[in-house]
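Read through the structure below, which is laid out as structure tokens, and then see the notes.
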Amino acid sequence: MYNENIFNYLRTEKLPHIWCPGCAHGIIVGSMLRSIEKLKLDKNKIAVLSGIGCSGRTPGYLDMNTLHTTHGRSLTFATGIKMAKPELVVIDVMGDGDAVAIGGNHFIHACRRNIDITAIIFNNNIYGMTGGQYSPTTPQNYFASTSPYGNMEPSFDIVKLAIGAGASFVARADAFHIALLDNVIEKAISHKGFSVVEVMGTCPTQFGRRNKMKEPYQMLDFVAERAVSIKKWEEMSEEERNGKFPIGIFLNENREEYVESYEKNVILKAKRSNV
Amino acid sequence: MRRAEIRLAGSGGQGIILAAKVIAEAAGIFSNYNVLQSQIYGAAARGELSKADVIIDEGDIYTLEISAADILLSLSQEAYDKYSKELKEDGKMIIDSFYVKNYDQLDKRIYPFPISELSKQLANSELFSNMISVGIITQMTKYFSEESILKSVEKNVPKNFVEMNIKAVKIGFEKVAEKYPNIC
Amino acid sequence: MSIIELMSGNDAVVKAAIIAGCRFYAGYPITPSSEIAEGMAKELPKVGGKFIQMEDEIGGIGAAIGASLTGVKSMTATSGPGFSLKQEHIGFAIMGEIPIVIVNAMRGGPSTGMPTYPSQGDVMQARWGTHGDHQIIAFVPSSVQETFEFTIKAFNYSEMYRTPVILLTDEIIAHMREKVVINEVEKYKIIDRMKPSEKPEGYKPFDTKHGLVPPLAPYGEGYRFHITGLTHDQTGFPTTNHEIVQKLQQRLQDKILKNFKNFEFYEERMVEDADIIVVAYGSVARSAMRAIKDARKDNIKVGLFRPITLWPFNYKRIKELSKKSKNFLAVEMNMGQIVGEVERAVKGVKTKVEFLGKANGELISPTEIFSKIREVMNV
């Protein structure tokens, strides 16, 4: 997995990063960079955006056009960037709070438009930076600083949400199965249209500590043990599925992309018309 | 000319706003006056009360709203009921006598015309009531020339309908000349 | 040759934005500003620009800021409730020093208020709506012609000072149609943002060696810089170093305040011998113009000060005027906002500041202003 060429895409002077020992964010960023390197993308032509929280710090480490935006709203900025300069590869890094809590509306509409942006959701099931409050993806009955008696809320299935909202590439991977992670991120970035990759990550500091998994390996085990391939998932009973999640590519469709469609359908028609 | 305040009122769908725009451009673009045109926003899509105002002045326009009109067009009973009190002492009110049945017969400021009937005679539709009214107002006020209003109509209505709309405006001119030759 | 068109304030914004070089618009429908979105949806693609109707107001300004970072002049427009929602990203554009124009066609508030009636209730929100210390440029035109001209200026000063600029109209100005003289496009002074002249290596997006306004490179042209809403150093990366942060705060203040003379627009009428000066702006200033003319006929020595640049507020000019006139009368379609700024301006001077205002959706009439002038002057 080690690939020293990825350093070409890093602002190495900004390292070490701020993430805690055992945090999976670095694993996801490493995978992103291997994919970008493999695709031989020009770093001058990549824009990476983020929202707020631990994942929000990602763009700062990347030697690209980077924008650390507001909480949950990064996709709106990404939409403006992609529309105004379609030749840029736009990657939007979000936390679970960004994507499906405060930014849920932006997320579903970006899916619906099928605009060519890659959304990578660093799902650590918790608000890490603000002190471990429960998020819309905290599993039921787990503890967070705002669910001291156990979280009673059902959680979001981001994959189903993205498919339902109209994204044309939807995958889930996790911080343990690295070959799959590399594979789906590479495919997501190459995909023309809105691609969503949910990456099940870890947060030993805020999630693990409150849920008897304070050691990094325990948290990584927690992810690894719950992840099952789509194929296997299909064969499992409801009971067997309990507490687990499927990983892999759920949807990969070629559908008309938003900006191309705007250029073809709106700009051309407007220039021809005299209204 | 001194400040003139024109209020056009009727039901949504009667083309009140277009008529106001045509009058405003006749005065502002095709004659060299200052103009201000405004309208009520909101509920007037279909059938509800619709109102548009045009202010014309040689000098700058500072008072943005009409408190009492010099010219009031009422194309519906509701428009008459609501605005007839806001007519100046020396103002003139033009009403569509087909729709406004209940009005003060003794009020010398009121000039009834069978506007929607005339439109139906012209095109088997009431669509041209607004432009017939525009013709009537032009002729009764002389705020701007016939030429100005015809140019404004040409600019503001869809190409395919220019001819019919111009006919409608001219019907307005003629009816005033027939009925009130003293005004002309 | 120049042309004359009859257009509404909202139409004028659209026409002027295209002339100013705006090529991206993102927004959300809201009365009474929706015609701006409709106009941009129609006109932008004709000139190769792009329009998007976003999922909400926050998204509208977010997308506009994103587009601006690629070097494209961008705009969003809204009214009352939408202006509240946009505040978060107005702050982001201030902190990231990203040019953008925001139009707010003011309507009655608070909350949903009166969507189809005017107010001037958002003037303080334009100043202080987003959290944290900041300066803002806001223009408040009084006619459709002025709306046209100040839309162009809004883009120019936004680009020039790398800052959001707010154009405050109201339901009356937005919807009324007036004659607008439009010159040949070449006649308008159009200012584009300064791009870096140096090579990408060593480029810093907040470099103070260029003075108060650092050049801004567009995304995608080799500069690879970072922008964050966090306090940052000259490289654009986050810092909490108090000294650096204070310097940043000071520069953000200075770049607006020290350049104020470049965009200090106002109109004065008959102030020289005035015993009372009416302070009014936007549509209300039109009524005030009538009122002072009528009052002069009655030999009341009244003048008018009409700020067009509302923010930063022109304390200095009001203070100068307070040496000529013993009375000020602030007239606004709100329950008293700018009147407080007039009071601040004349602090320490023996000048009375009176107020006339209402927030019921009615334009304040010339008669009401005239009566108030009589009352204050005791005549």
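Protein chains in written order, with the working numbering: chain A, 9 to 283; chain B, 35 to 218; chain C, 8 to 386. Glycine included, C-beta positions come from ideal geometry on N, C-alpha and C.
In this structure the segment 99-110 of chain B touches the segment 42-49 of chain B; the number of beta carbon pairs closer than 8 Å is three or more. In terms of Cα proximity to D71 of chain A, the closest of C:T242, C:P106 and C:G136 is C:T242.
Listed along chain A, no residue sits closer than 7 Å to P221 of chain C by beta-carbon distance, the nearest being about 17 Å off. The closest CA to that of F58 of chain C, considering only A:R65, A:K48, A:N52 and A:I89, is found on A:I89. By the criterion of a C-beta distance shorter than 8 Å, K216 of chain C is surrounded by no residue of its chain, once the five residues flanking it on both sides are discounted.
Residue-level contact check: E212 of chain B does not touch chain C, since none of the beta carbons of chain C fall below 8 Å from its beta carbon. Spatial neighbours of I26 of chain A in its own chain (CB-CB distance under 6 Å, excluding positions within 5 residues in sequence) are listed in chain order as R65. By the CB criterion at 8 Å, G93 of chain B and N68 of chain B fall inside the cutoff. Classified as exposed, P192 of chain B has fewer than 16 neighbouring CB atoms from the shown chains inside 10 Å of its CB.
Taken through DSSP and simplified to helix, strand or coil, F178 of chain B comes out as coil. Excluding five sequence positions before and after G34 of chain C, the CB atoms of its chain that fall closer than 6 Å to its own CB belong to A44, G67, T83 and A84, given in chain order. DSSP places V98 of chain A in the strand class (E or B) of the three-state scheme.
Taking C-beta separations shorter than 7 Å and ignoring five residues to either side along the sequence, the partners of K333 of chain C in its chain run D282, T358 and K359, following chain order. Excluding its 5 nearest sequence neighbours in each direction, M165 of chain B has C-beta neighbours in its own chain below 6 Å: N199, A202 and V203, listed in chain order. A straight-line Cα-Cα distance of about 52 Å links S101 of chain B and L223 of chain C. In this structure, D104 of chain A lies near T145 of chain A, with their beta-carbon atoms less than 8 Å apart. Taking the C-beta atoms as reference points, S165 of chain C is found nearer than 8 Å to P106 of chain C. P148 of chain C carries a coil assignment under DSSP once its states are collapsed to helix, strand and coil. Contact note: E95 of chain A reaches chain C through G227, using a C-beta cutoff of 8 Å and chain order.
For E208 of chain B, the enclosing alpha helix (DSSP H) starts and ends at V196 to K213. No Cβ-Cβ contact shorter than 8 Å links P36 of chain C with P122 of chain C. Per DSSP, the beta-bridge partners of R180 of chain A are A:E206 and A:G256. DSSP places Q111 of chain B inside the alpha helix (DSSP H), whose first and last residues are Q111 to Y117. In this chain, the beta strand (DSSP E) harbouring N73 of chain A covers N73 to H76. The straight-line gap separating the alpha-carbon atoms of S329 of chain C and I128 of chain B is approximately 51 Å. DSSP lists B:A86 as the beta-bridge partner residues of Q73 of chain B. Per DSSP, reduced to three states, the secondary structure at A103 of chain B is strand. Taking 8 Å as the threshold, the shortest C-beta distance from E95 of chain C to chain A falls below it. Sequence-distant Cβ neighbours of I198 of chain C in its own chain, meaning closer than 6 Å and more than five residues away, are N163, E166 and M167. Counting only residues of its own chain and dropping the five nearest sequence neighbours on each side, G125 of chain B has a CB closer than 8 Å to the CB of A102, A103, D104, I105, L106 and R143. Between the alpha carbons of P24 of chain A and G216 of chain A lies a gap of roughly 23 Å.
Counting only runs of at least 3 residues, the segment 180-244 of chain C fully encloses the following beta strand (DSSP E) elements, listed from N- to C-terminal order: 184-189 and 233-235. Excluding sequence positions up to five before and after A170 of chain A, its CB lies within less than 6 Å of the CB of C119, V178 and V204, all in the same chain and listed in chain order.
Contact annotation: in the segment 24-52 of chain C, residues whose CB is within less than 9 Å of a CB in chain A are R30, F31, A33, A48, K49, E50, L51 and P52. Residues of chain A whose Cβ lies closer than 8 Å to the Cβ of V79 of chain C are, in chain order, A92 and K93.
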